[in-house]
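Residue numbers (my numbering), protein chains in the order written: chain X, 11 to 429; chain S, 14 to 925. Even glycine gets a Cβ: it sits at the ideal position worked out from N, Cα and C.
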Amino acid sequence: MKESKVLTQRVGKYEPLDLEAYKALGGLQGLRRTLAMKPESVIEEIKKSGLTGRGGAGFPAGLKWALTAQEKQEPKYFLCNADEGELGTFKDKVLLDGDPWAVLEGILIAAYAIGAEQAYIYIKGEYEETAKLWEQIAGEAEKAGLLGKGILGSNFSVNLQVARGRGLYIAGEEFALISSLETRRAMSRLKPPYPSEEGLFGKPTVVNNVETIANVPVILAKGAEEYRKLGVEDDPGTRLFSLSGDVKKSGVYEIAMGSGTLKELIDEFGRGTTHGRAIKAVQPGGGTSAFLARGSLGCKLTSKAISEAGSGIGTAGVIVYEEDRSAVDIVKGLLQYYGAESCGRCAPCRIGSVKMREIVDNLARGNGAEADLMRLREIGNACVAGSTCGMGQAFPLPVLSALELFPEDFEEALCKVPA
Amino acid sequence: MEGDTGMKEVSLEIDGKKVTVQEDTTILEASKGVGIDIPHLCYDPRVPPIGTCRLCLVQIEGQAGLSISCNTPVAEGMRVCTENEEIAAIRKTILELILSQHRVACTSCDQEGACKLQDYAYRYQADEARFGLPERRPTERNYTTKSEAILYDPDKCILCGLCVKYCEEVPMAEALTFAGMLDEMRVSTAFGTDLPESPCVLCGGCIAVCPSGAMVDRAAIGKGREKDLIKTRTVCAYCGVGCQLDLNVNPRTNKIVRVTSEPEYIPNRGNLCVKGKFGMDFVGHPDRLTTPLIKRNGKFEQASWEEAIKLIADRLGQIKSKTGPDSIAGLSSAKCTNEDNYVFQKFVRAAVGTNNVDHCARLCHASTVAGLARAFGSGAMTNSIDEIRNAECIFVIGSNTSEAHPVIALHIKEAAARNGAKLIVADPRDIELVRFAKLHLQQQPGTDVALVNAMMSVIINENLLDKDFVKARTENFEAMAEAVKEMTPEKAEKITTVPAEKIREAARIYAKAKTASIIFSMGITQHTTGTDNVLSLANLAMLTGNVGKESAGVNPLRGQNNVQGACDLGALPNVYPGYQSVEDPQIQAKFKKAWKTNLSGKSGLTVVEMIHAIEAGSVKALYMMGENPALSDPNLNRTRKALEKVDFLVSQEVFLSESAQFADVVLPSLCFAEKDGTFTNTERRIQRVRKALSPPGEARDDWQILCDVSTAMGYAMRYENASEIMDEIASVTPIYGGISFDRIEPVGLQWPCLDKDHPGTKYLHKGEFKRGKGKFHAVRFREPAETPDKKFPFILSTGRQLYQFHTGTLTRKSRAIDQKSPTGYVELHHEDAEKYSIGEGDFVEVSTRRGKVITKASVGSRVAKGWLFMPFHFAEGPANMLTNDALDPIAKIPEFKVCAAAIKKAEPDLER
Ligand SMILES: Cc1cc2nc3c(=O)[nH]c(=O)nc-3n(C[C@H](O)[C@H](O)[C@H](O)COP(=O)(O)O)c2cc1C
Ligand code: SF4
Ligand code: SF4
Ligand code: SF4
Ligand code: SF4
Ligand code: FES
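Right under this line is the structure:
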């Protein structure tokens with residue numbers, strides 16, 4: 011298996027602020043082509059490319075743009091989601107730092123296509139250097155006529171505001187992000203209406219992940235048809251897999267969809283497990299994806315194959331766990347993080363996340379009872395079925411799958427002393 | 014299939030039951046309609062769905078996963094299962110999770126026995142200890158700790174967010190938010206500021222929608238559990254909106270514990286404003302009058318009813334025989350019921366024998382009645398409140414709706430913020446509605462005719478008029494067109510200070526809208542040019558064909574709760590009930606026959622004329638029912654002197670008001686909560702007022718007192734109850750012809766309602782105006798009676814404020830209100846304040862040619878430079894010491910809205 015460097019082709023090849031170098035490496039072709047097209051045709055091109063969201067939910071990007079573009083309300087907004095909070099996921103940073111101009115080019119194309127005159131990029135609070143770089147990029151872009159009035163001599167104008175995250179995982183959820191930009195509490199909202207109908211300041215808004223948007227200039231420069239040559243029919247293009255956990259070499263690898271298996275990714279790019287032990291489990295789609303046990307590792311790297319194996323591709327953050335780890339400890343670690351992040355809107359998620367964390371902590375301390383396992387299932391089911399957003403719907407998945415796949419770990423953790 | 018609202022109907026199946034509903038109905042609402050109760054804790058029809066409790070999950074056939082029924086619209090052919098094993102298990106878990114954070118014992122909660130959380134917990138056999146019993150936490154200060162109105166208990170709060178959403182979506186006050194995360198999460202204000210200092214407008218909606226006992230009326234705590242209270246549905250006693258509400262009374266204590274309202278009530282849809290919600294403390298107040306009082310040697314002494322009534326009958330009889338019936342005058346009341354007003358005017362006309370009867374409508378809307386009657390033939394709001402929400406353009410002029418008619422403001426804000434209506438606000442002040450407006454025309458007080466004429470000249474010049482309407486339905490167009498021609502926007506700019514371009518834009522927006530509704534109030538009427546103002550608005554509406562159809566019209570918002578009814582029932586010097594002229598011999602004959610006595614054929618005196626007649630010595634006795642002219646009339650000094658001077662003064666009152674103190678005899682009467690009867694709200698809706706409490710002491714119904722006095726004077730009047738009076742009203746008043754108590758259950762009827770089969774009238778002048786053709790009037794701009802000069806360089810306007818009502822007699826008895834609005838003030842622009850070295854809260858002296866008062870300064874930019882504004886509710890800084898009693902020549906309404914004034918910093922208090 012080998013990498014297919016499309017989005018990462020320029021990473022490390024130029025000084026991030028150097029626009030001229032970016033151009034010399036083939037940059038801005040997509041934007042130039044875009045400005046000669048009608049916005050509808052740009053959207054059509056994205057639809058044809060089959061590009062899906064890389065932020066976790068996998069929603070078709072072209073459709074999202076079309077829905078927003080068709081709304082009558084003005085103005086419209088474009089938000090680039092660079093909050094990258096999912097555990098085991100660090101691919102957006104590679105693009106933000108390594109090829110910022112491509113991300114900016116994608117933002118400009120998106121804004122043009124949906125008719126937005128104001129765009130935002132919301133950068134994770136912890137990415138301080140990245141945010142500084144982006145402040146500079148925005149300044150440079152303005153000087154170079156890539157932001158502001160009449161971009162590249164066209165009639166198209168757009169401004170970009172660089173906004174900073176607040177160190178909250180939930181702020182990456184699209185509505186929480188919108189609320190946060192409105193200087194309200196980072197809290198999700200009921201859907202529908204979706205952001206395409208009532209987003210930022212109540213106006214039609216597109217929220218796209220950094221990686222999603224980095225695909226856009228490529229599609230516009232090459233054309234959808236050429237773009238689709240990589241990847242498989244129902245999952246075209248490449249994805250940036252963040253590989254971490256118990257592997258020798260963690261890192262971000264750009265792989266054409268379907269061009270290898272999970273096992274190959276771990277073995278060839280991760281150089282195997284840290285201690286050479288057998289793999290116990292893998293989370294293929296970031297910290298909120300369900301575990302896959304050793305037997306499922308032969309599954310192909312496509313959304314469909316990973317779903318069929320019982321998990322989800324999510325953010326393509328592959329986290330590997332070696333055999334000697336207890337599922338209880340792993341889950342405890344995950345809940346340490348997610349159990350404190352509910353935005354508080356939905357009753358099951360707000361209370362359930364805290365309760366699950368308490369119960370698992372208790373289990374890990376050896377104080378758990380049989381009934382606690384039932385409780386975990388009850389809460390997990392209520393959250394997954396009964397939550398508004400991806401947070402509540404997903405954070406219990408690792409717990410529920412661990413109870414399913416590794417019941418013995420939980421049994422073992424129960425308190426043996428009769429009460 | 015199309016329903017009559019143009020909305021499609023769809024059929025679906027819920028738990029095997031066939032259901033047909035409108036397409037925008039949610040599954041939850043559709044289920045409710047067929048008696049399937051899907052559990053829900055965060056749904057309230059008053060607010061858009063928020064979907065936070067997640068209890069209302071259902072399974073829709075063919076869809077993966079569950080959907081929340083409160084946010085899922087029905088669809089044709091849909092099949093819904095509202096509960097199965099999986100759903101029941103999830104509901105149980107969610108309830109158990111909620112209970113794990115419910116940190117209080119239900120036994121100490123006033124909501125006990127009437128609580129959804131309790132009901133559902135029982136229904137799903139939820140185990141409150143399933144996820145651990147909650148830990149008690151020490152009580153901490155929160156944003157309501159200092160509030161006299163509301164108490165929030167985070168330990169009972171289930172964090173559903175309904176209160177936050179309500180505050181954001183309905184009053185649009187955005188006072189509430191969530192603070193803290195997870196276990197620490199709670200409702201708060203921004204930065205936790207105390208509620209009285211927050212943008213909260215005390216509408217009480219957050220309490221109304223709260224599904225638990227977390228948000229409650231502070232004053233109600235411990236006064237009775239929800240299940241022990243008796244709810245009596247009645248009508249608010251304050252403004253003309255006529256909100257329907259429930260008085261929740263504890264029968265053991267005979268006290269109102271709290272006020273609530275329900276979403277199906279008209280016209281307020283379960284919403285209230287601060288006065289209706291928190292302004293009822295006066296009802297059982299210890300200062301209420303409980304026995305008749307007779308003044309002897311300058312002091313009131315308690316008296317028996319027999320004694321008091323005899324004295325009144327004797328004195329009035331003497332005066333009548335000595336100086337004639339026209340030397341007696343009566344002031345009826347817009348606070349009293351239709352039945353009281355009918356009996357009052359009948360008493361004055363039939364028992365005393367004069368038409369000297371009027372009431373405070375004179376001070377608010379006499380010019381509306383005069384103007385609209387001339388233009389259309391009928392002087393009331395042409396359309397219904399509920400139609401406002403669907404208007405394409407709303408032109409609010411001279412109405413600070415948010416403060417004077419708060420619940421109508423909710424409709425306007427909803428139209429502008431959610432339904433895309435274009436709102437134009439013409440007001441000298443930067444009022445709350447401006448926030449929602451597309452255009453704010455800040456005209457100089459008293460220049461409305463110039464503004465409206467200029468709009469019309471633009472409409473005519475740009476050919477935006479509705480020619481067909483003008484031709485088919487109106488007359489006298491040419492004269493009007495001739496009169497407005499000279500008023501170009503540029504000329505109007507000089508007079509009004511509104512930029513010409515804005516006037517043009519307003520004219521275009523108004524004229525181009527398919528439905529445009531004009532809303533106005535005292536800012537239009539309380540001028541010496543009040544009738545002209547109204548006429549020019551009527552001109553504007555007719556010019557564009559905006560009368561006689563839904564969501565359009567000319568809509569005066571009436572002030573007092575029953576000012577419409579008091580006018581309808583003939584508490585006016587020139588008309589019998591139903592606007593039938595006293596000077597028309599045929600009508601006179603009809604009433605002579607009905608009342609079996611002789612009647613005077615001469616129009617009587619108006620309010621201010623009565624005062625002037627007392628000064629001149631021609632009126633010797635004044636009979637007041639629930640009026641307080643000592644604070645509400647213009648040029649107070651003059652009014653007070655007159656009340657002192659009049660030979661014999663009777664006051665029927667609930668409190669010993671400023672005016673009652675001048676009386677020779679004071680009779681204790683009932684307030685609305687103790688009465689049966691009807692009020693007619695500003696949209697002509699006749700609504701039932703129902704007795705909720707037994708009255709204090711010996712107080713009696715106004716109409717009963719009047720019957721006794723009348724009978725003692727030799728004109729016998731006797732009714733068994735209010736319903737019988739209404740039957741008599743219906744028999745002599747064509748517009749009320751079809752009204753009876755049984756017909757106006759449960760939501761009232763709008764007049765004209767001509768006979769028992771008539772459905773009432775939603776909007777007037779459909780197809781034909783009351784007077785036949787609508788009549789244009791040639792109205793030209795005239796200056797206000799008093800304009801600023803060197804000595805009095807400011808323009809002073811008076812008006813209302815949200816928290817108080819009228820003369821404050823009632824509202825100022827509420828602790829919740831007193832906390833938010835303790836005293837009077839004068840608003841001035843910050844540059845003027847600087848010029849006179851006046852700071853926020855400083856004492857200032859405001860003076861006019863008639864008097865001076867000392868009040869506090871409220872500095873800001875709500876008024877423009879050179880203008881002052883004072884609310885008139887406060888006895889300690891009575892604005893009406895200052896106002897001008899110059900009258901509109903037609904309607905005789907005084908010019909409250911404009912006079913020339915001076916201002917200076919008052920001597921600092923020595924203690925400060
Ligand atoms: C709790 C939570 C956190 C999220 N965090 C991120 C994030 O950090 N970055 C991101 O791009 N999307 C995140 N998402 C997904 C966004 O809500 C949204 O779907 C995404 O930004 C859309 O972009 P895409 O369609 O390009 O993927 C998060 C979702 C949830 C529920
Ligand atoms: S699922 Fe959790 S994070 Fe998402 S909206 Fe509900 S409470 Fe907030
Ligand atoms: S009383 Fe009304 S305005 Fe005040 S906080 Fe509650 S909902 Fe908001
Ligand atoms: S106070 Fe009441 S309405 Fe507000 S969040 Fe709590 S439970 Fe819900
Ligand atoms: S004062 Fe007016 S708006 Fe307020 S509750 Fe009473 S009737 Fe309604
Ligand atoms: S009622 Fe639907 S989620 Fe609460």
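G750/S has its alpha-carbon roughly 6 Å from the corresponding atom of C766/S. Between L200/X and chain S, the shortest Cβ-Cβ separation is below 7 Å. Note that the C-beta distance between V547/S and G384/S is below 7 Å.
Interface with chain S (7 Å Cβ-Cβ cutoff): V364/X is included. When DSSP states are grouped into helix, strand and coil, T381/S belongs to the helix group. The continuous stretches of beta strand (DSSP E) do not include V722/S, which lies in the alpha helix (DSSP H) extending over residues D715 to A725.
DSSP places C219/S inside the alpha helix (DSSP H), whose first and last residues are G218 to V222. S736/S has its Cβ no nearer than 6 Å to any heavy atom of ligand 4. Around T62/X, the same chain offers G68 and P70 as residues with beta carbons nearer than 6 Å, after the five sequence neighbours per side are excluded.
Counting only residues of its own chain and dropping the five nearest sequence neighbours on each side, R335/X has a CB closer than 7 Å to the CB of K290. Residues of chain S with a Cβ closer than 7 Å to the Cβ of G354/X are, in chain order, L172, F191, M194, L195 and M198.
G29/S and T38/S have their alpha carbons spaced roughly 18 Å apart. The C-beta separation of N734/S from G578/S comes to about 18 Å, leaving the pair out of contact by the 8 Å criterion.
Listed along chain X, no residue sits closer than 7 Å to S80/S by beta-carbon distance, the nearest being about 10 Å off. Taken in chain order, the complete beta strand (DSSP E) segments of 3 residues or longer contained in the region 317–388 of chain X are 327–332.
Think of a sphere of 8 Å around the beta carbon of F668/S: no beta carbon from chain X falls inside it, the nearest being about 46 Å out. When the Cα atoms are used, Y732/S and V382/S turn out to be separated by approximately 30 Å. Excluding five sequence positions before and after P205/X, the CB atoms of its chain that fall closer than 6 Å to its own CB belong to E184, T215 and V217, given in chain order.
Think of a sphere of 7 Å around the beta carbon of C66/S: the chain X residues whose beta carbon falls inside it are A357, in chain order. Contact note: S189/X does not reach chain S at a C-beta cutoff of 9 Å; the least C-beta distance is about 11 Å. The straight-line gap separating the alpha-carbon atoms of G64/S and L79/S is approximately 13 Å.
Residues of chain X with a Cβ closer than 7 Å to the Cβ of S225/S do not exist; the shortest Cβ-Cβ separation is about 12 Å. By the neighbour-count criterion, in which 16 or more other beta carbons inside 10 Å mark a residue as buried, A34/X falls on the exposed side. Set against 6 Å, the gap from the CB of G289/S to the closest heavy atom of ligand 3 is not smaller. Among the CB atoms of chain X, one or more fall inside 7 Å of the CB of I63/S. For Y165/S, the enclosing beta strand (DSSP E) starts and ends at I163 to Y165. One Cα belongs to M293/S, the other to R825/S, and the distance between them is close to 10 Å. A heavy atom of ligand 1 is found nearer than 6 Å to the CB of M401/X. The beta carbons of A914/S and V866/S sit no closer together than 7 Å.
The alpha carbon of N219/X has as its nearest neighbour, out of S260/X, G182/X, K342/X and L17/X, the alpha carbon of G182/X.
Of all residues, those with a beta-carbon under 6 Å from at least one heavy atom of ligand 3 are Y179/S, C180/S, P184/S, A186/S, A188/S, L189/S, C213/S, V214/S, L215/S, C216/S, G217/S, G218/S and C219/S, reported in chain order. Within chain S, the residues whose beta carbon sits less than 8 Å from that of R360/X are L172, L195 and M198, listed in sequence order.
Following the DSSP letters along the chain, one finds R92/S in no alpha helix (DSSP H) but inside the beta strand (DSSP E) bounded by residues R92 to C94. At a cut-off of 4 residues, the continuous stretches assigned as alpha helix (DSSP H) that sit fully inside the region 213–299 of chain S are 218–222 and 287–291. Q539/S sits in coil when the DSSP states are folded into three classes, being neither helix nor strand. Here the alpha carbon of S664/S sits roughly 5 Å from the alpha carbon of V679/S.
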